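Below is one structure, written out as structure tokens, with a few remarks after it.
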Amino acid sequence: MRIVKTGWITPAGNDEETIWNALRMTRPNLAGPQACQEPDDRQGTWEPEGSGSGSGRGRKNALEGLPKKGRRASRFSHLGLCAARSAIRPEWIGDRKAERIGAVFTTAYGPLETNMEFARQMIGDEPDLCSPSLFANTVHNACLGTISMDLGIKGPSTMLLGSNHLLLTRLLLAEGKADLILAGAIEEYNEELERSLHIQGMEARRVDEAAVVLALAADDAALPGLTAEDADIRIGETFSFGLGIGAYGLLPSGLAEETGLVGRIERFLRKYRPDAVLGHASWTTLGQAERRAIETSRACEDHPAKETSSPMPIAAGSYAAEDRVPQQVSAGMRTDPSAEQSGGARTSVDSALSEPANMSDGFYEVFGHCLGSDLTLKAAAAKLCLERGQIPAALGGSAKAPERIAVLSAEATGNYSIAIVEKRPGKGR
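Residue numbers 46 to 474, in our numbering, belong to the letters of the sequence shown in order.
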């Protein structure tokens, strides 16, 4: 299925140019949570009504033009609506029946800010005096109603919890249930949630928020005003399996062996031979498992390691490859070509996981950990890399134009997903 357009509301920015500039920075100077409410500190912005325009670097008000009928919607719904509006063209809706355009979204925690406020009203006040509009926005799929009414779409729509919405989208398109589906993910920052996750042992250094929407269409679908070059990128394959444990808490050291995670990833990489991999930070439990899978796939006889002409600078959380052989990753580490010849995996530092202070979190340093938006955000970033023809500095850096990128992500429910984002057949492969 083709990715025909993308909508972003992220810590690194709300448009592709701003986000790309952030990815090109080796160590982006982005700090603190709540991408959309701290315009002085962050590239991205989502400015609530009455908050003022703010000041900062290349800002735009993501809520500009929001209809009055949507003002009572929750901030969670506003995030999704703004991203959805950016991911669709008006002519696509006007030319097609509304029943042929759908929306499939996912989230890990939903409108948590709204739910927490409603709980505070229930506990601190008389239950009968709780805000009706607040109550109406406590359900996760309220945002889909807001999006559907605003855009005028009537196709299949649903909100998933911690699941791979790309799989459901592919199924709906394959069965001809829709011509275009907005596949989105929303995660809203909540201070209590971040504190709770760190208490539970979450390895992420910074929890953040994002709303990302991919407008997906079948490979043979025709959309008005869309050229072949506009839809050059597709999601070629995606699958998921259960880890048996929530991915945001303290993960046991033997998780990879117990679930067969390394073997599953390794077989996937051997089959699809991506030019780069967007995974978890290499100092995390999942990141270490992913790295072992990459090293194993390189050592296999049917996927031999190739000598590179020069060492490649690479960053934690992303893996770049020469000749479609994924390379191991850590900031300050460079692949040693002499080790490649002997089949080893030597690096220019003693430990594969050097001191955290000497490492760049790569993808997560730019965006933070956006929880339920992680998979969609990585897929959108992969699309951007393929369109720009390079892996930027924050994701490892490579002058070689990538043609296929694998994205790896785990959800709060323990769902682990892998997807391939690639140039369409005949467009470089």
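Built from N, CA and C at the ideal position, the CB exists for glycine as well. Note that the structure is predicted; figures quoted are calculated from it, not measured.
Anticipated Cβ contact below 8 Å, residue i with residue j, distance rounded
i	j	result
Leu124	Ala256	4 Å
Ser285	Ser462	4 Å
Leu453	Leu323	7 Å
Met204	Thr159	At roughly 14 Å, the Cβ-Cβ gap does not stay under 8 Å, so Met204 and Thr159 are not in contact.
Ile244	Phe150	Not confirmed; about 28 Å, so no contact.
Gly229	Glu136	That pair is no contact at about 20 Å.
Ile198	Ala143	5 Å
Val411	Ala67	5 Å
Ser202	Ser193	6 Å
Ala439	Gly407	6 Å
Leu259	Thr191	Not a contact, Cβ separation roughly 19 Å.
Thr283	Leu211	5 Å
DSSP-derived helix/strand/coil call for residue i
i	result
Tyr461	strand
Thr183	coil
Ile226	strand
Ser298	coil
Lys445	coil
Glu248	coil
Met167	helix
Leu213	helix
Trp137	helix
Glu282	strand
Arg117	coil
Met194	helix
Ile146	strand
Arg47	strand
Leu271	coil
Trp65	helix
Pro470	coil
Ala153	coil
Ile436	strand
Ala455	strand
Thr329	coil
Gly417	helix
Glu232	strand
Gly52	strand
Asp60	coil
Met70	coil
Gly221	coil
Ala263	coil
Leu205	strand
Leu288	coil
Ala321	strand
Ala132	coil
Distance, residue j Cα to residue i Cα
i	j	result
Lys222	Ala262	11 Å
Ser241	Phe313	34 Å
Ile54	Ser119	16 Å
Lys300	Leu288	As written in the sequence, residue 300 is Leu, which differs from the Lys given in the question. The alpha-carbon atoms of Leu300 and Leu288 are separated by roughly 8 Å.
Arg469	Gly281	8 Å
Glu448	Arg315	16 Å
Glu311	Thr341	7 Å
Glu237	Ala181	22 Å
Gly308	Ala338	7 Å
Leu306	Gly332	11 Å
Val252	Tyr409	9 Å
Glu62	Arg69	11 Å
Asp320	Ala451	8 Å
Ala44	Ile138	With the chain covering 46 to 474 only, the question about residue 44 has no answer from this structure.
Ala148	Thr51	14 Å
Ala334	Glu248	14 Å
Ala267	Asp224	9 Å
Arg279	Gly58	23 Å
Ser486	Thr304	The chain is shown from 46 up to 474; residue 486 falls before or after that span and cannot be answered.
Leu431	Glu254	24 Å
Arg134	Ala425	18 Å
Val49	Asp277	8 Å
Pro476	Leu196	With the chain covering only 46 through 474, there is no way to say anything about residue 476.
Glu456	Cys175	32 Å
Ala464	Arg117	36 Å
Asn235	Leu157	7 Å
Trp328	Ile146	41 Å
His185	His325	26 Å
Asp264	Glu220	13 Å
Interface flag, residue i vs chain D, CB-CB below 8 Å
i	result
Glu448	Absence of chain D from the displayed structure is noted, only one protein chain being present.
I want to know whether the segment 429–448 touches the segment 413–421 - three or more CB-CB distances under 8 Å. no
Within 8 Å, do at least three Cβ pairs link the segment 163–173 to the segment 204–221? no
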